[in-house]
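To start, the structure under review is shown below, and the notes come after it.
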Amino acid sequence: MGSPHWKRLCLLLLAGLTSSLLLYGHYYATVESPTSQKILASLLQPEPLVLAPPEPSHQASSRRWALGGSSKPFKLSTAELKEPKPSRKQPSTCLHSVMSRAKADPKFGEIFRFDTPVLMWDQHFTPETWDRLKTRHVPYGWQGLSHTVVGSTLQLLNTSANRRLFDRDGVPGGCVRCAVVGNGGILNGSRQGTAIDAHDLVFRLNGAIIKGFEEDVGTKISFYGFTVNTMKNSLIAYEEYGFTQIPQGKDLRYIFIPSDARDYIMLKSAIQDSPVPEGSDKGDEPHKYFGPEASAEKFKLLHPDFLQYLTTRFLRSELLDTRYGSLYMPSTGALMLLTALHTCDQVSAYGFITTNYEQFSDHYYEVEKKPLVFYANHDMMLEAALWRSLHRAGIITLYQR
Ligand SMILES: *[C@@H]1O[C@H](CO)[C@@H](O)[C@H](O)[C@H]1NC(C)=O
Ligand SMILES: *[C@@H]1O[C@H](CO)[C@@H](O)[C@H](O)[C@H]1NC(C)=O
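Under mature numbering (1 follows the signal peptide of the UniProt record, and there is no 0), the letters of the sequence shown match residues -20 to -1, 1 to 381, in that order.
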């Protein structure tokens, strides 16, 4: 925080906050936010905040990953991570699986903890978990959230489908191959649609426009990941490019990232197929987003411990050490890719940030080239370095061109 770089960053952050308040104020007119703290939080989570692109010379993150361990992931005790049943306990018959590659890698072998719970469901709502998670702020815990809201939501996640991301029996061949499709401009003209659809499962997120881009991004969609903030903002920001509806389908499952009370509230309403009763989404009809067939089976909720584990071990940004540290979290794309890495046997990443990102537009669907937007609550350079490093270690296949 002492270096000129960080001073500059903070100034930019502040400038970003101020202009965002003005520019995006109308999106949040209905947010009940008595304190400025809450306004900042609600502004930052939807990813509307723009930060100047980092200087090419300052690639702190790549340095960190290249050197492997100048900043050690901080420790979580085993007790912290122990939960009733791990989401992943199925054996894998894959030759080169994420797990075997990760375990064999000197650096990543120390970072991955495959017994960390990925999803959260009804059995997790115990007095012990409540006491532990209420001390950590969202998305890593339940600080400030209502016991009733969290409890009544989790209570509804009581089917076997809520305890695992997918059923291995439904995937032939014993090796689950997943594609995670980010929305990066690198996919424009890529003709990767067939390759993407050839995977057993396809993860997409936020403004995942398919219609008109099938050749480049495919059509298959098994999971759609989001926070309520990013989902609703995507509908606003990318409407002009054709993102007018959240993807829906019989076999599609939704992955909620619990970044705010509104995610728990929306999730409960979605399962019950009833209008949102309170908060900033009050009155929203969940079937408008998720389609008519609502049931607990359709929804997955990421575990706050999983988010904590991912942030501390894989994406521990220097932004956390700034005064806005509490607003930092990995991007939706990063969380989906890391979720796939902890559940699938093989993972390919498409549309994620690469070293040559400046050659591409922000998203694949823009008509005119727009530079990649750096949000103040994410660390895209750190994410870029992580994907590169995982690709080099043979743990993921990162689409590059
Ligand atoms: C899950 O909870 C709902 C609502 O409390 C209940 O109606 C349903 O029977 C439960 N399902 C299972 C599998 O326990
Ligand atoms: C997308 O690709 C086409 C052809 O490859 C190109 O003409 C167009 O400018 C690209 N769009 C953006 C936003 O870069």
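For glycine and all other residues, C-beta sits at the position ideal for the given N, C-alpha and C.
Predicted model only: the values in this text are computed from it and were never measured.
In the DSSP assignment, find the unbroken beta strand (DSSP E) run with I235 in it and report its ends. R233 to F236
Taking 8 Å as the cut-off, does the region 233 to 243 touch the region 353 to 363 (at least 3 CB pairs, one atom from each stretch)? no
For F206, would you say it is in contact with chain C, using Cβ-to-Cβ distances shorter than 7 Å as the test? The structure shown contains no chain C, having only a single protein chain.
Which of helix, strand or coil DSSP assigns to residue 454: The chain is shown only over -20 to 381; residue 454 falls outside these bounds and no answer can be derived.
So which residues put a beta carbon under 7 Å from any heavy atom of ligand 1, going in chain order? Q135, L136, N138, T139 and A276
For Y379 and L321, the rounded distance between their alpha carbons: 15 Å
Proximity test, G169 beta-carbon vs ligand 2 heavy atom, cut-off 6 Å: yes
Assuming A159 and V129 form a contact by the criterion Cβ under 8 Å, report the distance between their Cβ atoms to the nearest whole angstrom. Their Cβ separation, rounded to whole angstroms, is 34 Å, which puts A159 and V129 out of contact at 8 Å.
Kindly indicate which residue of P272, G259 and K230 has the alpha-carbon position closest to the one of A250. P272
Identify whether K248 lies in helix, strand or coil by the three-state DSSP scheme. helix
What are the residues that DSSP puts in a beta bridge with V197? Paired residues: none, contrary to the question.
Do three or more CB pairs link the region 264 to 280 to the region 223 to 233 at distances below 8 Å? yes
Could you give the DSSP three-state label for A320: helix, strand or coil? helix
Tell whether a beta-carbon distance below 7 Å holds between G187 and G313. no
Exposure of V256, with buried meaning 16 or more beta-carbon neighbours within 10 Å: buried
At a threshold of 6 Å, does S249 count as lining ligand 2 (C-beta to nearest heavy atom)? no
Quick check on the DSSP output: the alpha helix (DSSP H) that includes Y289 runs from which residue to which? P284 to R293
With H, G and I counted as helix, E and B as strand and the rest as coil, what does DSSP make of Q326? strand
Classify F354 as helix, strand or coil using the three-state DSSP reduction. strand
With a CB to CB cut of under 7 Å and the five nearest residues on each side skipped, what residues in its chain are close to H267? D253 and A274
Anticipated Cβ contact below 8 Å, G198 with I176, distance rounded: 4 Å
Can you tell me whether DSSP reads H76 as helix, strand or coil? coil
Could you tell me the alpha carbon to alpha carbon distance between N336 and M361, rounded to whole angstroms? 12 Å
Measuring CB atoms only, is the region 92 to 99 touching the region 283 to 293, in the sense that at least three cross pairs come out at less than 8 Å? yes
Is the beta carbon of L315 sitting closer than 7 Å to the one on Y308? no
Distance between beta carbons of L134 and D102, contact taken as under 8 Å: 5 Å
Within this structure, are the beta carbons of F92 and A82 separated by less than 7 Å? yes
Between the C-alpha atoms of Y218 and L295, what's the straight-line distance to the nearest angstrom? 27 Å
Do L108 and ligand 2 come close, with the Cβ less than 6 Å from some heavy atom? What sits at residue 108 in the sequence shown is Glu, not Leu. Result no, Cβ not under 6 Å from ligand 2.
Please list the terminal residues of the continuous beta strand (DSSP E) segment that includes A188. It is not in any beta strand (DSSP E) - A188 carries neither H nor E in the DSSP assignment.
Taking buried to mean at least 16 other C-beta atoms within 10 Å of its own C-beta, is E363 buried or exposed? buried
Roughly how far, in whole angstroms, is the beta-carbon of G331 from the beta-carbon of L167, given that I think they are within contact range, below 8 Å? 5 Å
For N371, which residues of its own chain have a beta-carbon under 6 Å away from its beta-carbon, when the five flanking residues on both sides are left out? The amino acid at residue 371 is misidentified as Asn; the sequence shows His. Counting only Cβ-Cβ distances below 6 Å, and skipping sequence neighbours, we find L378.
Going by DSSP in three states, K280 sits in which element: helix, strand or coil? strand
For Y345 and T106, what's the separation of their Cα atoms in angstroms? 44 Å
According to DSSP, which residues form a beta bridge with T377? S328
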